[in-house]
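Visitor: First the structure, which I've put down as structure tokens, then a few questions once you've had a look.
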Amino acid sequence: MNDLPKNLIAIGIGSALGTFSRYSLNLLTLESGYPFGTIIENLFGSLLLGFLTAWFIYFIPKEWVKVGLGVGLCGGFTTMSTLAADATFLYQTSSPFESAIYIGGSLFGGMMFALIGYRSGSLLANRSRQKREVNTK
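If you read the sequence shown in our numbering, its first letter stands for residue 99, the second for the next number, and so on.
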């Protein structure tokens with residue numbers, strides 16, 4: 099059976115929710131004059147995607163759920179292009195050092211948050227699986 103239509107619909111819905119959330123967060127942080135919204139989006143998106151990756155290893159969902167949440171929601175919420183544009187803006191208006199700190203902090207932070215999310219997802223999924231096994235005995 100061809101799941102492509104269902105997958106595309108899930109990606110579209112996830113993308114819309116992720117993009118709406120990103121836009122709303124940017125509106126909330128706009129007055130600061132610093133791209134806090136982009137940092138928060140990318141760090142939280144990394145955390146969420148790390149968590150989902152681990153969770154999906156333990157509990158294999160339908161493909162449309164994986165692509166809807168991963169590609170759609172996380173892809174719509176996070177943004178590499180805005181990170182690059184913000185870094186360029188900081189480079190031109192503040193200093194190369196501030197731009198480098200922003201890029202380094204975003205990349206290192208994203209990796210750390212993804213790892214934290216992955217470990218959290220693994221622990222939670224493991225506990226959930228063990229609880230199910232105890233309840234089925």
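Think of the CB as a built atom: it goes at the ideal place given N, C-alpha and C, for glycine as much as any other residue.
1. Can you list, in chain order, the residues of its chain with a C-beta nearer than 7 Å to that of lysine 104? Leave out the 5 residues immediately preceding and following it.
2. For tyrosine 156, count neighbouring Cβ atoms within 10 angstroms of its own Cβ and tell me buried if that reaches 16, exposed if not.
3. Just to confirm the assignment: which complete alpha helix (DSSP H) runs, minimum length 4, are found wholly within the segment 105-163?
4. Contact between the segment 198-205 and the segment 176-185: three or more CB pairs below 8 Å?
5. Quick check on this structure: which residue in Trp153, Thr136, Ala198, Leu167 has the alpha carbon closest to the alpha carbon of glycine 110?
6. With a CB to CB cut of under 6 Å and the five nearest residues on each side skipped, what residues in its chain are close to glutamate 196?
7. Could you give the residue range of the alpha helix (DSSP H) that holds asparagine 224?
8. Please determine, among Leu171, Glu139, Leu145, the residue with the shortest C-alpha to C-alpha distance to leucine 213.
9. Roughly how many whole angstroms lie between the Cα atoms of tryptophan 153 and arginine 225?
10. Would you tell me roughly how many angstroms separate the C-alpha atoms of glycine 112 and leucine 171, rounded to the nearest one?
Guide: Concretely, from the data shown:
1. Trp162
2. exposed
3. The segment 105-163 contains these whole alpha helix (DSSP H) runs: 134-156.
4. They touch, by the three-pair rule.
5. Leu167
6. Leu188
7. 194-234
8. Leu145
9. 11 Å
10. For glycine 112 and leucine 171, the gap between their C-alpha atoms comes out near 4 Å.
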